[in-house]
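K.L.:
Here you go, one structure.
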Amino acid sequence: MKKIIISVSVISLLFLCFYAYPYGNPGLISQEEMDVDPREVYREIYRLYGQKDYVNALKVIEKALKDFGSTNQLLQMKYNILTTQKKYDEALTFLDSEIKKSGESEELLSAKYNVLFLQEKWQEALKTAMRKDQIAKIKSPWDSMNVVHVYIKMGSKSDALDWLQEAVNRGFISYRILAEKKYALLQYEKRFYEIIEAIKMSIGLGRPARNFNVKLLSGKTFTLSQQKGNVILVVFWAIWCDPCRAEMPRLKKYHDQFKDKGFEIMAVSLDSDISRAKKYIQGNKLEWKHACSGKVWDDSIVKRYGINSIPSHWLIDKKGILRSFDLKGEELRRTIIYLLSEK
Numbered sequence: 013m014k015k016i017i018i019s020v021s022v023i024s025l026l027f028l029c030f031y032a033y034p035y036g037n038p039g040l041i042s043q044e045e046m047d048v049d050p051r052e053v054y055r056e057i058y059r060l061y062g063q064k065d066y067v068n069a070l071k072v073i074e075k076a077l078k079d080f081g082s083t084n085q086l087l088q089m090k091y092n093i094l095t096t097q098k099k100y101d102e103a104l105t106f107l108d109s110e111i112k113k114s115g116e117s118e119e120l121l122s123a124k125y126n127v128l129f130l131q132e133k134w135q136e137a138l139k140t141a142m143r144k145d146q147i148a149k150i151k152s153p154w155d156s157m158n159v160v161h162v163y164i165k166m167g168s169k170s171d172a173l174d175w176l177q178e179a180v181n182r183g184f185i186s187y188r189i190l191a192e193k194k195y196a197l198l199q200y201e202k203r204f205y206e207i208i209e210a211i212k213m214s215i216g217l218g219r220p221a222r223n224f225n226v227k228l229l230s231g232k233t234f235t236l237s238q239q240k241g242n243v244i245l246v247v248f249w250a251i252w253c254d255p256c257r258a259e260m261p262r263l264k265k266y267h268d269q270f271k272d273k274g275f276e277i278m279a280v281s282l283d284s285d286i287s288r289a290k291k292y293i294q295g296n297k298l299e300w301k302h303a304c305s306g307k308v309w310d311d312s313i314v315k316r317y318g319i320n321s322i323p324s325h326w327l328i329d330k331k332g333i334l335r336s337f338d339l340k341g342e343e344l345r346r347t348i349i350y351l352l353s354e355k
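Using our numbering, the first residue of the sequence shown is number 13, and each one after it goes up by one.
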């Protein structure tokens with residue numbers, strides 16, 4: 013998942029709503045219950061959303077907006093429901109109203125960009141993406157990629173490549189996604205492949221992996237440079253990241269299959285709640301090495317590796333050389349087998 017603050021808060025809220033909601037309440041919560049605890053409102057909205065009862069979910073949201081004001085959570089919920097129903101014009105009217113009332117924010121402009129992109133309103137989407145990038149406190153590579161996507165839709169190769177280079181300048185390293193069909197317009201351009209090679213160089217493929225020393229959740233110390241002779245997979249992940257959790261069963265399978273042959277996983281959690289991370293790890297029997305500083309994106313290893321989206325996989329050979337980046341699934345399994353076979 014990309015490094016976007018609102019995504020973290022919304023996903024955290026999803027966990028709260030789905031796992032903390034009391035069972036056995038089939039109807040709408042009463043006005044009295046809403047007044048007692050705003051969290052009950054969020055739980056109710058997600059219960060209705062999960063049942064695809066969008067009409068009643070929107071009613072609860074509208075009442076909550078009047079009672080609690082325009083919180084990021086409520087705005088995101090309403091936006092999600094309207095876009096799920098493909099009510100793009102209504103979503104756009106709602107977002108423009110909030111921008112007029114509250115002023116431009118990164119969250120509102122990001123949502124507006126997404127709606128305009130879905131509507132194929134490329135000029136307006138471009139203007140909104142540019143404005144979001146202009147007001148952003150942190151210049152994100154993913155804001156640059158939003159601009160890239162619009163220029164591709166508009167057929168402007170040169171502008172798309174300029175902004176792709178800007179994304180790289182800001183730390184974009186997820187070069188594997190550039191093989192996707194949506195980047196087909198650029199895939200015959202020499203400059204496109206020069207940019208990809210530059211990304212690979214910045215990642216450090218074919219060179220000694222960036223060393224780090226960290227205290228594990230087990231209390232022991234792990235030093236990457238001391239692991240020569242083993243194949244190491246460094247994984248950056250978090251509980252709040254849906255794709256990360258989806259990847260865990262496969263990682264568990266690979267670890268069980270290859271752990272006695274010289275394969276180890278070093279997982280760096282970007283969770284802020286260390287005790288919750290420990291509980292998840294123990295509950296899911298993820299029996300490899302784990303570290304969690306609680307500093308999320310400000311973790312020293314995260315910064316050293318330039319991580320700005322997760323999950324992120326870094327596969328290191330027996331000599332300590334970084335051999336592959338962001339492999340997943342069967343391709344990751346085959347590469348582990350190959351590296352284990354090397355002398």
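Yeah, the Cβ is synthetic: ideal placement off N, Cα and C, and Gly gets one too.
Note that the structure is a prediction, hence the values are computed from the model and not measured.
Give me the Cα-Cα distance between Ile-215 and Gln-177, rounded to the nearest whole angstrom.
P.N.:
15 Å
K.L.:
One question on the structure: do Asn-320 and Gly-183 come within less than 7 Å of each other, judged by their Cβ atoms?
P.N.:
yes
K.L.:
Tell me where the beta strand (DSSP E) around Cys-304 begins and ends.
P.N.:
Taken as a continuous stretch (DSSP letters only), the beta strand (DSSP E) holding Cys-304 covers 301-304.
K.L.:
CB Ala-103 to CB Val-127, shorter than 7 Å?
P.N.:
yes
K.L.:
Between Gly-306, Lys-355, Gly-295 and Asn-181, which has its C-alpha nearest Gly-318's C-alpha?
P.N.:
Answer by Cα proximity: Asn-181.
K.L.:
Can you list, in chain order, the residues of its chain with a C-beta nearer than 7 Å to that of Ile-57? Leave out the 5 residues immediately preceding and following it.
P.N.:
In the same chain as Ile-57, and ignoring 5 residues on each side of it, the C-beta atoms closer than 7 Å to its own belong to Ala-69, Val-72, Ile-73 and Met-89, in chain order.
K.L.:
Shorter than 6 Å, the distance from the beta carbon of Lys-75 to the closest heavy atom of the ligand SAM, or not?
P.N.:
This structure does not include the ligand SAM; it has no bound ligands of any sort.
K.L.:
Can you find the residues in the same chain that come closer than 6 Å, C-beta to C-beta, to Ile-111, ignoring five residues on each side of it along the sequence?
P.N.:
Leu-120
K.L.:
Could you please give me the residues that DSSP links to Ile-347 through a beta bridge?
P.N.:
As written in the sequence, residue 347 is Thr, which differs from the Ile given in the question. None, per the DSSP bridge assignment.
K.L.:
Can you tell me whether Trp-252 is helix, strand or coil according to DSSP?
P.N.:
coil
K.L.:
Arg-356: buried (16+ other C-beta within 10 angstroms of its C-beta) or exposed?
P.N.:
This structure gives no information on residue 356, because the portion of the chain shown stretches from 13 to 355.
K.L.:
Could you pull out every residue in the same chain whose Cβ sits closer than 6 Å to the Cβ of Glu-276, ignoring the five residues on either side in sequence?
P.N.:
Asn-242 and Ile-244
K.L.:
Keeping to the same chain, check which residues put their C-beta closer than 6 Å to that of Met-46; ignore five residues upstream and five downstream.
P.N.:
Because Met-46 sits at a pLDDT of 41, beneath the cut-off of 50, its placement in the model cannot be relied upon, and the following sentence gives the value as read from the coordinates. Contacts found: Val-53.
K.L.:
Ile-333 by DSSP, collapsed to three states: which one?
P.N.:
The answer is strand: DSSP assigns Ile-333 an E or B state.
K.L.:
Does the stretch 152-159 come within contact of the stretch 300-310, defined as at least 3 CB pairs closer than 8 Å?
P.N.:
Output reads no: the stretch 300-310 does not touch the stretch 152-159.
K.L.:
Asp-2 to Lys-64, Cα distance in whole Å?
P.N.:
The requested residue 2 is not part of the displayed model; the chain covers only 13 to 355.
K.L.:
When the distance is taken between beta carbons, is Phe-248 closer than 7 Å to Ala-280?
P.N.:
Before going on, a small fix: residue 280 reads as Val here, not Ala. Going by C-beta atoms, Val-280 is nearer than 7 Å to Phe-248.
K.L.:
Where do the N-terminal and C-terminal ends of the alpha helix (DSSP H) with Lys-291 fall, by residue?
P.N.:
286-295
K.L.:
For Lys-227, does the three-state DSSP call read helix, strand or coil?
P.N.:
strand
K.L.:
Only counting the same chain, and skipping five residues up and downstream in sequence, which positions put a Cβ closer than 6 Å to that of Val-314?
P.N.:
none
K.L.:
On the DSSP bridge list, what partners appear for Pro-9?
P.N.:
The structure shown does not extend to residue 9, since the chain is modelled only from 13 through 355, so no value can be given for it.
K.L.:
Smallest Cα separation from Lys-291: which of Glu-201, Ser-230, Gly-115 and Phe-204?
P.N.:
Ser-230
K.L.:
My understanding is that Asp-283 touches Ala-258, with C-beta atoms under 8 Å, so please give their C-beta distance in whole angstroms.
P.N.:
The Cβ separation is near 16 Å, so there is no contact.
K.L.:
Could you tell me if Thr-96 is buried or exposed, where buried requires 16 or more neighbouring beta carbons within 10 angstroms of its beta carbon?
P.N.:
exposed
K.L.:
Could you work out which residue in Ile-93, Phe-129, Lys-212 and Asn-84 is closest to Ser-114 when comparing CA atoms only?
P.N.:
Asn-84
K.L.:
Classify Leu-352 as helix, strand or coil using the three-state DSSP reduction.
P.N.:
For Leu-352, the three-state secondary structure derived from DSSP is helix.
K.L.:
So what does DSSP say about Glu-178, is it helix, strand or coil?
P.N.:
helix
K.L.:
In chain order, what are the residue ranges of uninterrupted alpha helix (DSSP H) at least 4 long that sit wholly in the stretch 79-114?
P.N.:
84-96 and 100-114
K.L.:
Gly-39: buried (16+ other C-beta within 10 angstroms of its C-beta) or exposed?
P.N.:
Low per-residue confidence applies at Gly-39: pLDDT is 38, beneath 50, and the placement is therefore not dependable enough to give any value.
K.L.:
Does the stretch 258-267 come within contact of the stretch 329-339, defined as at least 3 CB pairs closer than 8 Å?
P.N.:
Touching, no.
K.L.:
Starting from the N-terminal side, write out each stretch of the alpha helix (DSSP H) that is 4 residues or longer and does not extend beyond the stretch 147-210.
P.N.:
153-165 and 169-181
K.L.:
Considering just the uninterrupted stretch of the beta strand (DSSP E) at Val-280, what are its terminal residues?
P.N.:
275-281
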